[in-house]
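So the protein sequences, as listed, match chains A and B. Counting along the first sequence from 1, when you hit position 472 you're at 917 in this note's numbering, and nothing is skipped either side. Counting along the second sequence from 1, when you hit position 55 you're at 500 in this note's numbering, and nothing is skipped either side. Reading through the C-alpha cells given below for one structure.
2 protein chains.
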Amino acid sequence: MSARHPRVLRMSSLFVRTLREDPADAEVPSHRLLVRAGYIRRAAPGIYTWLPLGLRVLRRIEGIVREEMDAIGAQELSFPALLPREPYEATNRWTEYGDGIFRLKDRKDGDYLLGPTHEEMFTLVVKDLYSSYKDLPLSIYQIQTKYRDEARPRAGLLRGREFTMKDSYSFDVDDAGLEESYQQHRDAYVRIFDRLGFEYVVVRATSGAMGGSRSEEFLAKAEVGEDTYVRCTACDYAANVEAVEVRAPAPVSYDAAPAAHAEQTPGTPTIESLVTHLNEAFPRSDRPWVAADTLKNVLVLLRHPTGEREALAIGVPGDREVDLKRLEGQLEPIEVEPMDEAALKEHPALVKGYIGPGGIAAAGIRYLVDPRVVEGTAWVTGADVEGSHVLDLVAGRDFTPDGTIEAAEVRDGDACPRCDEGTLESARGIEMGHIFQLGRKYAEALDLKVLDENGKLVTVTMGSYGIGCTRAVAAIAEGTLDDIGLCWPRNVAPADVHVVAAGKDEAVFAAADRIALELAEQGVEVLYDDRTGKVSPGVKFKDAELIGVPTIVVVGKALAESGTVEIKDRRTGERTEVPADHVVDRLVGLVSAG
Amino acid sequence: MSARHPRVLRMSSLFVRTLREDPADAEVPSHRLLVRAGYIRRAAPGIYTWLPLGLRVLRRIEGIVREEMDAIGAQELSFPALLPREPYEATNRWTEYGDGIFRLKDRKDGDYLLGPTHEEMFTLVVKDLYSSYKDLPLSIYQIQTKYRDEARPRAGLLRGREFTMKDSYSFDVDDAGLEESYQQHRDAYVRIFDRLGFEYVVVRATSGAMGGSRSEEFLAKAEVGEDTYVRCTACDYAANVEAVEVRAPAPVSYDAAPAAHAEQTPGTPTIESLVTHLNEAFPRSDRPWVAADTLKNVLVLLRHPTGEREALAIGVPGDREVDLKRLEGQLEPIEVEPMDEAALKEHPALVKGYIGPGGIAAAGIRYLVDPRVVEGTAWVTGADVEGSHVLDLVAGRDFTPDGTIEAAEVRDGDACPRCDEGTLESARGIEMGHIFQLGRKYAEALDLKVLDENGKLVTVTMGSYGIGCTRAVAAIAEGTLDDIGLCWPRNVAPADVHVVAAGKDEAVFAAADRIALELAEQGVEVLYDDRTGKVSPGVKFKDAELIGVPTIVVVGKALAESGTVEIKDRRTGERTEVPADHVVDRLVGLVSAG
C-alpha cells in the first residue's frame, strides 16, 4: 500500500493480454501462468521480458529486500555486468566456470565476461577504499542483473540465463565478526522471506564453487524445485540433500576378525545377485547377508574446469546408489559423469561387476569411500577377478581408502545425523536465498588486507549472501498458485485490489470508477477492469482469477438491486456483500491489516 | 525530501573515501570530481562501479524520469540486455552497427548481442500483444542497462560502454497520433530537465542511424560536450550543428552568363593561392574574387556497415571546409574518412588540387554539392589538369551534381536558416535526451500492423524517446561544479543537508547528532559527518565542499559561544548564523521550498 502512486491501473489501457492457452514451452505451472496472465514474455531461451504486471511484482520484492538490507546497515552500490577478465583470472574462476559463463571480446580483443557473481569486484572495491580494522565491519550489496550460460535453462524464471539478484558481502577483521555479520544477514533473510509471504525452509547447504564454511539455503517448498532437502522427524535438523553428512560410526576393533578370503561367486555382477548367492553358498548362522554388508565400488570420470579428466572410484554400502548430484556438490566446480565401458576397459585391473580395492589401487585410481566404511568394518566386495568376491575384507587392515566422501544417496527413513530419535524425510524446494561464510578465499586471492589494532596487516574474512529476485517471482507464484490462476501474497501482488465493473449500464461503471479512484487516493494500489464493449463479466472474472490480485471487488447487478458490491478473497473464494458506500473503508482496512 | 528513509548517512561508516589527487585517467572536471568525491570507480574502460553516493544521485534522476513518464501514461516494462541476433538481423542493424556493439555466442553457438537500443524488442512486444487500432495510442518505456563498444570511451560517464537509459516508444495508428505522442513526450522531457535543475537547450537534430523524421535533442550546456549546436541571435532557432540546414538560394537565370573557359592558373592547388592568382591574372571590375566564388571539391571514402567502400566527392564553396562530423550525421550508419593520396591515385581522372566536376564524372564517382550550389550559379573550379581552373562554370548548364548534402562547416555569423534578421552562434553541449519520430521503419521491417476502424491492416507509426540516466549524472555534475568540488542541484543531490560536527567537545557532537536525527525524522535526507579522532574540521569542510550537497550545516565553536550553528549555501558560499534550536525548522523550510 502506497500513497506515492495514486494511479489506477486500467485494464482498458494496461499493456497486458491474457492468454487462454498454455505456452508451448512452459514446463512448470508458474511459468505457464506468468505467461498466460501477461507478466512475462520469453525473449530467448532463459531470457525474459518483464511486462508491467510482472515488473510490479519484481519491484515489490526488490523493495522488501532493499528495506531489510538497509535495516541491518548494509549499503547499496552497483557493479557493472560487463566485467574484465583479470580479477576472475586472479581467483581462477575465469577457468573454473567452464562453459557456464558468457565470455566476449571487445573491439580491441580484450577479454570480458558477463558477471555470474561479483565476489571479485566486491573484494577489490573494499581493497580500493579501505585499509584499517576501524573501517570494519562493512556490509555492502547490490540488486543487479547477472548472467549464466546454463546448459539447460528451464522452468521459465526458475533457471534463467539473465536474472536479477541481490548479492551482499560482509567484511570483517576476524572470525567472530564474520559470525556476527552472518547472523545479522540470516535474521534479515528470515524477515525478508516472512514478508514475502510464502512457505519456505532454511536448510544447511554446501557452499559449492564459492568455497567457505558455514552455509545455509532458504528454499521455497515446491514439487518442481531442483533442490532436494531433508528434515528430521524429531529435531530441527534440515539440510539440502547435497549437504547431509552421514554420522560415521565409531571404529570397530578387528582383532578377532577372520582373515579376508576370496570366494567363487559366479554370475554375481549385481548386488542383488551377490546377496542371493552369499545366502545360498555362504549362509551365516546369526543373520542373513544383506546388501548393506557389501561394498559397491563405482567408477566415475571427473572433468576438471581446466579440461583435465580424472578417474575416481567411490565405495558405498551395497544397499545405496551413488548420488551424482551429491557427489558433484562435494566436488564443485568439477563436473562428474559415470564411467562408460570403453573408459573402464582402459584399466585392465578393473573387472566390471567385480571391482575391489585391490584393482582400484593397481589401476592407480583415487579411492574415496562412504563415511560408514570406518576402520574395522568388514565387507564383501569384488576380488577383481570375473565371478569372484572377497569376504571379510576389513577396512584399515586389508585396504586403506584415500579418504571419505558424501556421495551415497540419502533416503527417507535414514537416521538423523544430529539427534538420536528422528529419521530423515525428503522434499523438493527452490533455492531462493543462500548465505555463507566465504572466509578468506577471495581476500587471499586478491590480497585484501587491513591493519589491525596492533598495526599488523591481517587478511579480511568475508560472508556472501544472495537472493534471486527474478527467481523469487516464479518461486512465490509456484508456491501460491491454484488451479484457476496466480494467487499472490499481499506484499508482492501487482496491486492490492482488483476492481471489476461487471455490467453494461452506466451506473455500474460510475460506481466502479468512484471506488477505484477513492481507493487509489487512499494509497491502495488498484487494478481496475474498466473494459467495455465485447468484454463480458465472465471474461473479466476469469482474468481477475488468472492475474491473482488477492482481493477482488465486483461491482455488478447487486448494485441496482441492493446497493451492494461483492468483495471476493482470491485465495479462499470467500465472498462478502458490502454496501457500495462502505466498500472503500472496508478495503482500506483490509489492505492496511496486510 | 522523503520520509521513507529516515536514515542518517554517517560519514564514519558510509562506504566512501574522498581523494585529494585527481585520478590519472580523468579527462574532464566532472569525471575527476565524481571519482575524487567517491561517487564512482572505474571497473574497465568506459565501465563504472556506482558507490553509494553516486547510486543515490542516479536513483533520484531515474525517479524523476519515471514520475514524468508515468504522468503521461507511459507504462514501464523491462527488456533483457542479452538479446538474440534474429530481430536485429531483420532490421539489418546486426550488420549496420559494425564494431559498435558487443556480440557474443552462447554455449550452443547461438549469436547474441548486448542491446545498444531496443527498437526491435519494443516493436515485437507490441506485435505480440496488440492487434487493433483500439489498443493505440500506446507509450511504453524501460529504465535499463545498455551497451556500446565505443571506439574511444571517454570522459568517464559521458561516453561509457555500459550505461543506463530510459528509452520509451510510442505507437500510433497514424501521423497525427504520432505528432501528439511526440508532443506529450516533449512536454514531459521539458518537465524532467527543468526538475533536474541545470541549464539545457532543446535543438533540432538529425535522427542518425534510427531513421525517421522530426527529431530534437536536449543538450546540457558544457564546454566538454561532444555536440556542437547553434542558436539564432534573433529567433528561437536552435539546432545541433549536424542538423543545420542551409537555406538554399533561389535558382539564378544563366541566360546571360558567359561560357565556361579553362585558364592557366599555375601553382594554385589551394583556395588561397587560387584567389590571389585570380585577382592578379583575371581581375574583375565590379568586385574582387573571394574564396566563396570558388567551388572546392573534396574526396572522401565511405565505409558502409557491410564493409563495402565507396568514394564520394563533395563540392562546397571554397570559403568553407567539409565538416566530416556533419557529413557523417547525414550518412549514418556509414562511416566517413578523408581520401588519402594513395586512394586518390587510383583515379587518374582526378588531379590533386585541380579536381573539377568533369574529372569526378570521368572517374565514375558520386558527386554531392552544398545547397548553395543552385542552378545558374557560376563557379571557379578545377579543370582536372595540373595548374588549370575553369571559370564561369555554371551549375545546371555545365555540370549537374548527383544531389545536395549538408556537409559544409557551419560558422558563427552564418545567416539563420529560419529568420531573416539573426545569425548563428555556436556552443558545445552534452546530449542528454533525444526524441524523434521514427515513423514506420521498424514497424515495416518487423511487420507490426493493426486493424484500423475499417478492418484494414495498417502499419503502425512509432516515436522513440531516450534519456541517458548515467550520463545525466555526469552532465549535471559538469554543468554545476565549481573550482572546489561538486555542487548538485537540490533535486538530484545525494542528500538534502550535510551536517558537519566541527569540533572535539561532546556538546558539539551531541548537538550535531540531535540536528541530524531530527532532520531525518522530518523527512530530510541527511549526510552527517560524525567522524571523530584525527579527522579535523578542515578536512570535513573540504570533504563537504567536494561532495557538493547543496546545504551545509556547521556545528562548531559558535555553539558554545552563542548557541548558534552556521548554515552554508554550497553554491553561493553564503553563510547564515542560526540559533541551534531553530536550525531544524529553518532547514525543513529550505528543503521543502526546493
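Every residue gets a Cβ at the ideal spot worked out from N, C-alpha and C, and that includes glycine.
The stretch 717-730 of chain B and the stretch 751-762 of chain B do not touch, with fewer than three beta-carbon pairs separated by less than 8 Å. One finds 486 and 494 in chain B with Cβ atoms closer than 7 Å to the Cβ of residue 570 of chain A, taken in chain order. Residue burial annotation: residue 695 of chain A is exposed, with fewer than 16 other C-beta atoms found within 10 angstroms of its C-beta. A straight line joining the alpha-carbon of residue 1033 of chain A with that of residue 1038 of chain B spans about 32 Å. For the stretch 570-591 of chain A, residues whose beta-carbon sits nearer than 7 Å to a beta-carbon of chain B comprise 570, 573, 574, 583, 585 and 590. Assigned with DSSP and collapsed to three states, residue 979 of chain B falls in coil, not helix or strand.
Every beta strand (DSSP E) stretch that sits fully inside the stretch 756-830 of chain B and reaches 3 residues is listed by chain position as 780-783, 811-814 and 823-830. Secondary structure at residue 732 of chain A: coil, using DSSP grouped into helix, strand and coil. Residue 969 of chain B and residue 976 of chain B have their C-alpha atoms spaced approximately 20 Å apart. CA-CA distance, residue 477 of chain A to residue 599 of chain A, rounds to 12 Å. The C-beta of residue 1026 of chain A comes no closer than 8 Å to any C-beta of chain B. Pairwise C-beta distances place the stretch 873-892 of chain B in contact with the stretch 665-679 of chain B, as three or more of them are shorter than 8 Å.
Here residue 700 of chain A carries a coil assignment [DSSP, helix/strand/coil]. Chain-ordered listing is empty here: chain A has no CB closer than 9 Å to the CB of residue 625 of chain B, the nearest sitting near 15 Å.
Residue pairing by DSSP places residue 677 of chain A opposite A/869 in a beta bridge. Taking 8 Å as the Cβ-Cβ cut-off, the stretch 963-975 of chain A has no residue approaching chain B. Taken in chain order, the members of the stretch 508-536 of chain A whose beta-carbon sits within less than 8 Å of a beta-carbon on chain B are 515, 518, 520, 521, 522, 523, 524, 525, 526, 527, 528 and 529.
In terms of beta-carbon proximity, residue 1038 of chain B stays away from the interface with chain A, with every pair separated by 8 Å or more. DSSP lists B/589 and B/913 as the bridge partner or partners of residue 610 of chain B. With respect to the 8 Å criterion, residue 571 of chain A and residue 616 of chain A are classified as neighbours on the basis of their beta carbons.
The Cβ neighbour count for residue 901 of chain A, taken over all protein chains shown within 10 Å, is under 16; the residue is labelled exposed. If only complete runs of 4 or more residues are kept, the stretch 507-591 of chain A shows the alpha helix (DSSP H) at 530-535, 538-541 and 564-574, in order along the chain.
In terms of Cα proximity to residue 453 of chain A, the closest of A/588, A/1005 and A/942 is A/942. Residue 663 of chain B: member of the beta strand (DSSP E) spanning 660-666, first to last residue. Below 8 Å, enough C-beta pairs join the stretch 908-927 of chain B and the stretch 619-638 of chain B to call them touching: three or more. Within the stretch 659-688 of chain A, no residue places its CB atom closer than 9 Å to a CB of chain B. Proximity to residue 691 of chain A across A/846, A/717, A/714 and A/860 peaks at A/860, based on C-alpha coordinates. By the CB criterion at 8 Å, residue 939 of chain B and residue 510 of chain B fall outside the cutoff. In the three-state DSSP reduction, residue 929 of chain B falls in the coil class, being neither helix nor strand. Taken through DSSP and simplified to helix, strand or coil, residue 739 of chain B comes out as strand.
Annotation: Cβ neighbours of residue 596 of chain B in chain A (cutoff 8 Å, chain order): 552.
With a contact defined as Cβ atoms closer than 8 Å, residue 929 of chain A and residue 851 of chain A miss out at about 43 Å. Interface residue (Cβ-Cβ distance to chain A less than 8 Å): residue 566 of chain B is classified as such. Shown here, residue 856 of chain A sits in coil according to DSSP, grouped into three states, outside any helix or strand.
For residue 544 of chain B, the chain A residues whose C-beta falls within less than 8 Å of its own C-beta are 552, listed in chain order. DSSP places residue 896 of chain B inside the beta strand (DSSP E), whose first and last residues are 894-896.
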